[in-house]
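K.L.:
Before I ask anything, let me first share the structure, which is written out below as structure tokens.
Protein chains: 6
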Amino acid sequence: MKGDKKYDRAFYIGRFQPYHLGHHNVIRTLIKEVEELIIGVGSAQKSHTITDPFTAGERVMMISKAVSEFNIPFYVIPIEDVEYNSVWVSHVKAMVPPFSVVFSNNPLVERLFYEAGTPVRNLPLFQRKMYSGTEIRRRMIKGDEWESLVPRCVADIIHSIRGVERIRKLAQSDKSEEMQ
Amino acid sequence: MKGDKKYDRAFYIGRFQPYHLGHHNVIRTLIKEVEELIIGVGSAQKSHTITDPFTAGERVMMISKAVSEFNIPFYVIPIEDVEYNSVWVSHVKAMVPPFSVVFSNNPLVERLFYEAGTPVRNLPLFQRKMYSGTEIRRRMIKGDEWESLVPRCVADIIHSIRGVERIRKLAQSDKSEEMQ
Amino acid sequence: MKGDKKYDRAFYIGRFQPYHLGHHNVIRTLIKEVEELIIGVGSAQKSHTITDPFTAGERVMMISKAVSEFNIPFYVIPIEDVEYNSVWVSHVKAMVPPFSVVFSNNPLVERLFYEAGTPVRNLPLFQRKMYSGTEIRRRMIKGDEWESLVPRCVADIIHSIRGVERIRKLAQSDKSEEMQ
Amino acid sequence: MKGDKKYDRAFYIGRFQPYHLGHHNVIRTLIKEVEELIIGVGSAQKSHTITDPFTAGERVMMISKAVSEFNIPFYVIPIEDVEYNSVWVSHVKAMVPPFSVVFSNNPLVERLFYEAGTPVRNLPLFQRKMYSGTEIRRRMIKGDEWESLVPRCVADIIHSIRGVERIRKLAQSDKSEEMQ
Amino acid sequence: MKGDKKYDRAFYIGRFQPYHLGHHNVIRTLIKEVEELIIGVGSAQKSHTITDPFTAGERVMMISKAVSEFNIPFYVIPIEDVEYNSVWVSHVKAMVPPFSVVFSNNPLVERLFYEAGTPVRNLPLFQRKMYSGTEIRRRMIKGDEWESLVPRCVADIIHSIRGVERIRKLAQSDKSEEMQ
Amino acid sequence: MKGDKKYDRAFYIGRFQPYHLGHHNVIRTLIKEVEELIIGVGSAQKSHTITDPFTAGERVMMISKAVSEFNIPFYVIPIEDVEYNSVWVSHVKAMVPPFSVVFSNNPLVERLFYEAGTPVRNLPLFQRKMYSGTEIRRRMIKGDEWESLVPRCVADIIHSIRGVERIRKLAQSDKSEEMQ
Chain Z
160 MKGDKKYDRA FYIGRFQPYH LGHHNVIRTL IKEVEELIIG VGSAQKSHTI
210 TDPFTAGERV MMISKAVSEF NIPFYVIPIE DVEYNSVWVS HVKAMVPPFS
260 VVFSNNPLVE RLFYEAGTPV RNLPLFQRKM YSGTEIRRRM IKGDEWESLV
310 PRCVADIIHS IRGVERIRKL AQSDKSEEMQ
Chain S
160 MKGDKKYDRA FYIGRFQPYH LGHHNVIRTL IKEVEELIIG VGSAQKSHTI
210 TDPFTAGERV MMISKAVSEF NIPFYVIPIE DVEYNSVWVS HVKAMVPPFS
260 VVFSNNPLVE RLFYEAGTPV RNLPLFQRKM YSGTEIRRRM IKGDEWESLV
310 PRCVADIIHS IRGVERIRKL AQSDKSEEMQ
Chain U
160 MKGDKKYDRA FYIGRFQPYH LGHHNVIRTL IKEVEELIIG VGSAQKSHTI
210 TDPFTAGERV MMISKAVSEF NIPFYVIPIE DVEYNSVWVS HVKAMVPPFS
260 VVFSNNPLVE RLFYEAGTPV RNLPLFQRKM YSGTEIRRRM IKGDEWESLV
310 PRCVADIIHS IRGVERIRKL AQSDKSEEMQ
Chain P
160 MKGDKKYDRA FYIGRFQPYH LGHHNVIRTL IKEVEELIIG VGSAQKSHTI
210 TDPFTAGERV MMISKAVSEF NIPFYVIPIE DVEYNSVWVS HVKAMVPPFS
260 VVFSNNPLVE RLFYEAGTPV RNLPLFQRKM YSGTEIRRRM IKGDEWESLV
310 PRCVADIIHS IRGVERIRKL AQSDKSEEMQ
Chain C
160 MKGDKKYDRA FYIGRFQPYH LGHHNVIRTL IKEVEELIIG VGSAQKSHTI
210 TDPFTAGERV MMISKAVSEF NIPFYVIPIE DVEYNSVWVS HVKAMVPPFS
260 VVFSNNPLVE RLFYEAGTPV RNLPLFQRKM YSGTEIRRRM IKGDEWESLV
310 PRCVADIIHS IRGVERIRKL AQSDKSEEMQ
Chain D
160 MKGDKKYDRA FYIGRFQPYH LGHHNVIRTL IKEVEELIIG VGSAQKSHTI
210 TDPFTAGERV MMISKAVSEF NIPFYVIPIE DVEYNSVWVS HVKAMVPPFS
260 VVFSNNPLVE RLFYEAGTPV RNLPLFQRKM YSGTEIRRRM IKGDEWESLV
310 PRCVADIIHS IRGVERIRKL AQSDKSEEMQ
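Residue numbers (this note's numbering), protein chains in the order written: chain Z, 160 to 339; chain S, 160 to 339; chain U, 160 to 339; chain P, 160 to 339; chain C, 160 to 339; chain D, 160 to 339.
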């Protein structure tokens with residue numbers, strides 16, 4: 160399966176709340192070195208909070224539509240949290256196809272794969288201040304323009320699932336004293 | 160089963176740590192519109208902390224005794240947290256009898272039921288500053304009077320289970336460095 | 160709270176798939192000795208199988224409607240399985256009001272409460288061959304008459320939720336080779 | 160997104176232990192009616208047993224390679240068991256993109272989606288005796304030819320991960336008395 | 160830490176329901192080759208059934224008392240089931256000190272460690288028909304002599320916790336129709 | 160088993176991140192009163208964070224090596240968190256040998272055992288400011304000397320597992336925006 164690129168299959172993980180142009184630029188760079196790319200959608204069981212508004216399935220669709228433009232084989236796989244760091248690497252390895260390298264800048268992800276013997280490479284970074292999930296969610300809640308920070312097809316999906324309405328509702332200060 | 164009231168069966172959820180006159184006044188109002196009331200006891204698995212001192216069973220007893228004065232059919236059901244917002248509505252629906260409306264002021268609860276297609280109505284509020292679980296627990300810890308904020312039968316139950324002694328012990332600053 | 164009956168509050172657990180006249184006769188006898196009755200609905204998270212067709216909430220409603228005729232205070236509480244026998248008694252005790260006796264004929268339930276120091280009494284039995292959940296579910300699947308084995312209000316609930324249609328569908332031999 | 164086909168996005172679930180020509184023929188038929196196909200990989204957390212030898216990630220790779228020949232957009236998503244039928248549909252919906260129809264012959268899957276209001280269609284069946292996971296695993300254990308029952312790329316993957324060696328080891332009668 | 164023995168630290172796992180002379184003879188042989196021994200107590204969360212009557216803590220005590228006669232450093236560690244074979248090895252590795260070899264005759268244990276790259280050696284077997292947990296539990300239930308099949312200190316512990324009374328109670332045919 | 164000491168078997172729990180001279184001095188005092196000591200390793204499933212850097216198995220090894228100098232029988236048992244305070248005591252009791260007293264200064268631990276009817280005694284404290292896991296981890300991250308705060312054998316183990324390298328990596332400010 161390995162062609163003339165450096166790695167046959169690489170693993171890249173994020174929360175993608177939502178998938179934005181920062182992620183897109185990272186992947187545009189990665190694909191120069193990898194034959195196939197596995198994209199892990201972290202904290203898959205989380206949704207409907209102001210930091211994690213979108214479901215795993217919604218994020219899978221955003222990523223799949225956007226990455227399909229790059230014309231390389233790719234896999235988009237939800238990864239549920241396990242809250243048990245020592246087994247996290249084997250949990251990931253069970254859920255995704257075999258891979259030979261991990262791309263990450265997260266110290267925990269780097270350390271866990273390092274101790275498991277999997278090579279880890281750092282990611283290039285693109286205008287992190289601007290292309291950031293935190294910034295995009297802040298703009299959605301405030302009612303500011305955010306569409307220019309994500310690929311066009313991602314903006315379309317967020318509109319179709321009424322994602323901005325969702326996050327704005329969740330951001331309302333709680334009118335009841337205490338619950339759930 | 161539906162008589163001449165607006166809703167046949169309604170769902171109302173809270174943590175009820177403890178059940179107080181604010182809750183009691185809400186229910187007094189709700190029962191004008193509903194034939195039967197389902198009361199969900201949220202975070203059922205939590206107890207023995209300063210924000211969640213009482214067990215689900217203790218809370219079920221407080222609520223059942225207090226609500227029985229209203230003379231309508233009611234159900235008091237513990238609801239354990241699932242930490243997975245997308246399945247929370249179906250978890251609730253599995254544990255309680257069928258209902259046609261939800262009463263809530265909590266944005267997350269409102270949004271989750273809204274996306275699931277269940278009608279949601281907001282609750283009336285009664286002197287929220289005073290009738291508040293936070294205020295009651297604060298008074299218990301400080302040794303102040305709190306009994307006037309809860310129905311008489313609830314105060315009796317809390318005394319019989321030595322609830323104030325429990326929360327005051329839990330509020331002690333930890334004498335050991337670190338643990339569990 | 161204790162009046163002139165033998166026990167102030169008793170615990171009785173079953174799966175109630177569905178609640179039938181055997182259970183009803185047991186409770187009719189128990190209430191002579193207890194001031195208040197706690198009914199635990201076991202395997203609460205199970206439903207939609209041929210041995211456990213009904214949800215916890217459906218079972219709570221069946222039991223509540225039927226037991227309300229006896230005119231004693233009662234609690235109907237779903238109990239999710241924990242698959243960890245050593246903690247099961249404390250799980251039950253967390254979810255229900257305090258009780259001073261358990262009524263059960265199940266050796267595991269008897270032993271677990273015995274080791275925890277809670278008194279256990281055996282149940283009277285009423286025509287167990289006929290009044291049996293297994294027999295009722297068998298009749299539902301075969302299309303035979305089953306309504307005479309349950310309280311009238313329970314039959315009404317099962318009809319209103321289309322429970323017989325559900326169990327008959329689940330009993331179809333699987334047309335696909337293998338799944339889930 | 161909807162073009163001239165009957166359904167915009169359809170959901171099809173199986174265990175795919177392994178993906179074989181029966182599944183492949185089903186999908187060949189489905190794609191005539193659907194714009195996009197979501198393939199759920201059930202019991203995702205299971206592997207390394209004689210009935211479930213392959214990991215979710217191995218199955219994702221088999222399916223992705225085989226289905227890519229059909230030239231329609233598709234998603235392959237691991238679905239972990241939840242052991243709680245009442246929440247299973249919302250678990251699936253959280254993990255995969257939105258869909259408007261389910262294709263299944265499994266009575267439980269059919270019933271759960273039916274009660275949730277999602278349309279269900281039955282699958283065509285192709286020589287089920289021969290194209291069966293059970294038969295393929297039986298042949299692997301016995302050392303018989305099995306490659307003709309799966310797409311060529313699937314056989315290649317199974318060989319590359321030494322899948323036959325794995326299932327044959329697991330099928331050894333246990334030499335120790337009892338364990339895990 | 161490594162002295163003149165073949166392995167510095169070895170891992171040996173069983174359910175030990177109860178620990179018997181077969182296990183004891185295995186360990187007597189193993190210690191000739193290992194500096195330190197880690198004994199994993201599998202299915203740690205199981206107890207109070209006729210196949211798994213004893214708690215993890217009871218089994219830890221049996222093993223610790225018996226193995227202390229061998230005068231080598233050892234660790235006895237409960238291992239809860241994870242029902243997810245792909246992460247089981249990393250679960251074990253998180254719970255116990257580092258080891259360089261596994262002793263096992265269980266095909267699943269052998270395969271999982273083999274795929275994880277840990278060397279596995281087979282165990283010697285000693286009169287497996289007689290020294291067997293199944294046989295010992297059968298004798299306990301029937302009221303036959305079983306003490307000669309376990310180390311003396313293990314028989315003492317089982318008597319002190321009234322273990323035979325427990326398993327005989329659990330073996331009673333259920334007097335109630337169905338429960339838990 | 161009880162000799163001339165005050166307690167036959169005592170339970171002492173901590174997180175031991177890492178085991179240090181404060182713990183060691185506590186145990187040196189305890190053993191004057193107890194025949195056997197059970198040491199529970201709390202939050203056993205946690206590792207690879209800056210507050211919980213070491214695995215349960217690494218902590219078991221540290222403790223076992225250090226405590227073996229005291230020449231009393233002891234047990235070192237990982238205790239996974241259950242996030243359900245009402246069942247925590249029975250979880251502990253399932254995992255460890257029977258005990259007649261608990262030594263703790265933690266209000267929650269004290270209260271839970273008190274309500275379960277187990278006697279609790281407070282611990283002596285030794286220079287808590289200095290001998291503290293927080294202080295040791297702070298020194299490790301800063302590159303300061305920490306070895307003098309732990310028993311010699313514990314320092315050796317931490318070096319052999321490259322524990323300081325691990326915690327320093329985990330303490331790096333995250334270079335990526337957001338993840339897992």
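Don't be surprised by glycine CBs; every beta carbon is placed ideally from N, CA and C.
#1: If you draw a straight line from the alpha carbon of methionine 221 of chain C to that of serine 227 of chain C, how long is it in whole angstroms?
#2: Compare the C-alpha of isoleucine 320 of chain D against each of D:Pro266, D:Arg174, D:Asp163 and D:Pro212 and name the closest.
#3: In this structure, how does DSSP classify phenylalanine 175 of chain D when only helix, strand and coil are distinguished?
#4: So, serine 190 of chain U versus isoleucine 236 of chain U, is the Cβ gap smaller than 8 Å?
#5: Leaving out the 5 sequence neighbours to the left and right, which residues in its chain are closer than 6 Å to tyrosine 171 of chain C when beta-carbon positions are compared?
#6: Please state whether DSSP places leucine 284 of chain S in a helix, a strand or coil.
#7: Are any of the Cβ atoms in chain D nearer than 8 Å to that of lysine 328 of chain S?
#8: Is the CB of serine 245 of chain S under 8 Å away from at least one CB in chain Z?
#9: With a Cβ-Cβ cutoff of 8 Å, do tyrosine 166 of chain S and glutamate 192 of chain S count as a contact?
#10: Of the residues C:Pro310, C:Leu267, C:Glu195 and C:Ser307, which one's Cα is nearest the Cα of serine 259 of chain C?
#11: Less than 8 Å separating the beta-carbons of glutamate 242 of chain P and isoleucine 316 of chain P?
#12: Can you pull the chain D neighbours of histidine 182 of chain S, defined as C-beta to C-beta under 8 Å?
#13: Do you know how far the Cα of alanine 169 of chain U is from the Cα of proline 266 of chain U?
#14: Leaving out the 5 sequence neighbours to the left and right, which residues in its chain are closer than 6 Å to methionine 338 of chain P when beta-carbon positions are compared?
#15: Return the CA-CA distance between glutamate 336 of chain D and valine 219 of chain S, expressed in angstroms with no decimal places.
#16: Examine chain Z for any beta-carbon lying closer than 8 Å to the beta-carbon of alanine 225 of chain C, and answer yes or no.
#17: Which residue spans inside the stretch 209-253 of chain S form an unbroken beta strand (DSSP E) run of at least 3?
#18: Please list, in chain order, the chain D residues whose beta carbon lies closer than 8 Å to that of proline 237 of chain C.
#19: As a quick exercise: from C:Lys205, C:Val255, C:Gln331 and C:Val323, pick the residue whose alpha carbon is nearest that of glutamine 204 of chain D.
#20: Output the distance between the C-alpha atoms of valine 309 of chain Z and glycine 322 of chain Z, rounded to the nearest integer angstrom.
#21: Helix, strand or coil for tyrosine 166 of chain S, going by three-state DSSP, please let me know.
#22: Please name the residue, chosen from S:Lys288, S:Ser206 and S:Thr277, that lies closest to aspartate 240 of chain S on a Cα-to-Cα basis.
#23: Of the residues C:Thr214, C:Val279, C:Ile209 and C:His183, which one's Cα is nearest the Cα of valine 200 of chain C?
#24: 8 Å is my cut-off, CB to CB: does valine 323 of chain P come that close to chain Z?
#25: For a contact meaning CB atoms closer than 7 Å, what does threonine 214 of chain P contact in chain C?
#26: Just how far apart, CA to CA, sit serine 245 of chain C and isoleucine 238 of chain P?
#27: Could you tell me whether any Cβ in chain S is nearer than 8 Å to the Cβ of histidine 179 of chain P?
#28: One question on the structure: do glutamate 340 of chain P and arginine 311 of chain P come within less than 8 Å of each other, judged by their Cβ atoms?
#29: Name the residues in the stretch 267-280 of chain C whose C-beta lies less than 8 Å from a C-beta of chain D; which are they?
#30: Give me the residue from S:Val251, S:Leu329, S:Pro257 and S:Val313 with the minimum Cα distance to serine 223 of chain S.
#31: Which residue or residues does DSSP assign as beta-bridge partners of isoleucine 198 of chain C?
#32: Is the beta carbon of valine 248 of chain U closer than 8 Å to that of leucine 282 of chain U?
#33: Between which residues of its own chain and proline 257 of chain D is the CB-CB distance below 7 Å, once the five residues before and five after are set aside?
#34: If you draw a straight line from the alpha carbon of asparagine 184 of chain P to that of leucine 284 of chain P, how long is it in whole angstroms?
#35: Which one or two residues does DSSP pair with valine 255 of chain U in a beta bridge?
#36: List the endpoints of the continuous alpha helix (DSSP H) containing alanine 323 of chain Z.
P.N.:
The answer reads as follows:
#1: On the fifth sequence, position 62 is the one that residue 221 of chain C refers to. On the fifth sequence, position 68 is the one that residue 227 of chain C refers to. Cα to Cα, the separation comes out at about 10 Å.
#2: Against the sixth sequence, residue 320 of chain D aligns to sequence position 161. Checked all of D:Pro266, D:Arg174, D:Asp163 and D:Pro212; the closest Cα to isoleucine 320 of chain D is D:Pro212.
#3: Here residue 175 of chain D is taken as the residue at index 16 of the sixth sequence, counted from 1. Coil, per DSSP.
#4: In the third sequence, the residue the question calls residue 190 of chain U occupies position 31. In the third sequence, the residue the question calls residue 236 of chain U occupies position 77. With the sequence shown as reference, residue 190 of chain U is identified as isoleucine, and serine is not the correct amino acid for it. Going by C-beta atoms, isoleucine 190 of chain U is not nearer than 8 Å to isoleucine 236 of chain U.
#5: Numbered from its first residue, the fifth sequence carries residue 171 of chain C at position 12. Ile198 and Phe262.
#6: Numbered from 1 along the second sequence, position 125 holds the residue referred to as residue 284 of chain S. Reduced to three states, the DSSP call for leucine 284 of chain S is coil.
#7: Here residue 328 of chain S refers to the residue found at position 169 when the second sequence is read from its first residue. Taking a beta-carbon distance threshold of 8 Å, lysine 328 of chain S counts as an interface residue toward chain D.
#8: Here residue 245 of chain S corresponds to residue number 86 of the second sequence, with the count starting at 1. So yes, serine 245 of chain S belongs to the interface.
#9: Position 7 of the second sequence, counted from the start, is the residue given in the question as residue 166 of chain S. Position 33 of the second sequence, counted from the start, is the residue given in the question as residue 192 of chain S. Cβ atoms of tyrosine 166 of chain S and glutamate 192 of chain S: closer than 8 Å.
#10: The count along the fifth sequence starts at 1 and reaches residue 259 of chain C at position 100. For serine 259 of chain C, the nearest C-alpha among the options comes from C:Glu195.
#11: In the fourth sequence, the residue the question calls residue 242 of chain P occupies position 83. In the fourth sequence, the residue the question calls residue 316 of chain P occupies position 157. Using a Cβ distance threshold of 8 Å, glutamate 242 of chain P and isoleucine 316 of chain P do not count as a contacting pair.
#12: The residue given as residue 182 of chain S occupies position 23 in the second sequence. Per Cβ cutoff of 8 Å: no residues; histidine 182 of chain S is ~22 Å from chain D at best.
#13: The residue you call residue 266 of chain U lines up with position 107 of the third sequence. The residue you call residue 169 of chain U lines up with position 10 of the third sequence. Rounded to whole angstroms, proline 266 of chain U to alanine 169 of chain U spans 18 Å at the Cα level.
#14: Numbered from 1 along the fourth sequence, position 179 holds the residue referred to as residue 338 of chain P. Reliability fails at methionine 338 of chain P, whose pLDDT of 43 lies under 50, so the model's placement of it is uncertain and the value that follows must be treated cautiously. Same-chain partners within the cutoff: there are none.
#15: Sequence index remark: in the sixth sequence, residue 336 of chain D carries index 177 (1-based). Sequence index remark: in the second sequence, residue 219 of chain S carries index 60 (1-based). Here the model assigns glutamate 336 of chain D a pLDDT of 45, short of 50, so the residue's position is not dependable and the matter cannot be decided.
#16: Start at 1 with the first residue of the fifth sequence, and residue 225 of chain C comes out as number 66. With 8 Å as the cut-off, alanine 225 of chain C does not count as an interface residue toward chain Z.
#17: Within the stretch 209-253 of chain S, the runs of beta strand (DSSP E) at least 3 residues long that lie entirely inside it are, in chain order, 233-237.
#18: Here the question's residue 237 of chain C lines up with position 78 in the fifth sequence. Listed along the chain, the chain D residues whose CB falls inside 8 Å of the CB of proline 237 of chain C are Ile236, Pro237 and Met254.
#19: Here residue 204 of chain D refers to the residue found at position 45 when the sixth sequence is read from its first residue. Nearest option by C-alpha distance: C:Val255.
#20: Residue numbering aside, residue 309 of chain Z sits at position 150 when the first sequence is read from its first letter. Residue numbering aside, residue 322 of chain Z sits at position 163 when the first sequence is read from its first letter. Looking at the two C-alpha atoms, the distance is approximately 14 Å.
#21: Sequence index remark: in the second sequence, residue 166 of chain S carries index 7 (1-based). Three-state result, tyrosine 166 of chain S: strand.
#22: In the second sequence, residue 240 of chain S corresponds to position 81, counting from 1. Comparing Cα positions, the closest option is S:Ser206.
#23: Along the fifth sequence, one-based indexing puts residue 200 of chain C at 41. Relative to valine 200 of chain C, the option among C:Thr214, C:Val279, C:Ile209 and C:His183 whose CA is nearest is C:Thr214.
#24: Taking the fourth sequence and counting its residues from 1, one reaches residue 323 of chain P at position 164. Answer no: the Cβ-Cβ gap between valine 323 of chain P and chain Z never drops below 8 Å.
#25: Mapped onto the fourth sequence, residue 214 of chain P falls at position 55. Within 7 Å Cβ-Cβ: Ser245.
#26: Within the fifth sequence, numbered from 1, the residue matching residue 245 of chain C stands at position 86. Within the fourth sequence, numbered from 1, the residue matching residue 238 of chain P stands at position 79. Distance between serine 245 of chain C and isoleucine 238 of chain P, taken at the CA atoms: about 15 Å.
#27: Here residue 179 of chain P refers to the residue found at position 20 of the fourth sequence. Answer no: the Cβ-Cβ gap between histidine 179 of chain P and chain S never drops below 8 Å.
#28: The structure shown has nothing for residue 340 of chain P, since chain P only spans 160 to 339.
#29: Residues of the stretch 267-280 of chain C with a Cβ closer than 8 Å to any Cβ of chain D: none.
#30: Taking the second sequence and counting its residues from 1, one reaches residue 223 of chain S at position 64. If we check each option's Cα against that of serine 223 of chain S, S:Val313 comes out closest.
#31: Your numbering for residue 198 of chain C matches position 39 in the fifth sequence. Per the DSSP secondary-structure output, isoleucine 198 of chain C pairs in a beta bridge with C:Tyr171 and C:Val235.
#32: Counted from its first residue, the third sequence places residue 282 of chain U at position 123. Counted from its first residue, the third sequence places residue 248 of chain U at position 89. In this structure, valine 248 of chain U does not lie closer than 8 Å to leucine 282 of chain U by Cβ.
#33: Taking the sixth sequence and counting its residues from 1, the one referred to as residue 257 of chain D is at position 98. Within the same chain, Cβ atoms closer than 7 Å to the Cβ of proline 257 of chain D are found at Arg168, the five residues on either side in sequence being excluded.
#34: The residue you call residue 184 of chain P lines up with position 25 of the fourth sequence. The residue you call residue 284 of chain P lines up with position 125 of the fourth sequence. Looking at the two C-alpha atoms, the distance is approximately 8 Å.
#35: For this step, residue 255 of chain U is matched to residue 96 along the third sequence. Paired residues: none, contrary to the question.
#36: Here residue 323 of chain Z refers to the residue found at position 164 when the first sequence is read from its first residue. Checking the sequence, you will find valine at residue 323 of chain Z rather than alanine. Looking at the DSSP string, the run of the alpha helix (DSSP H) that includes valine 323 of chain Z is 322-329.
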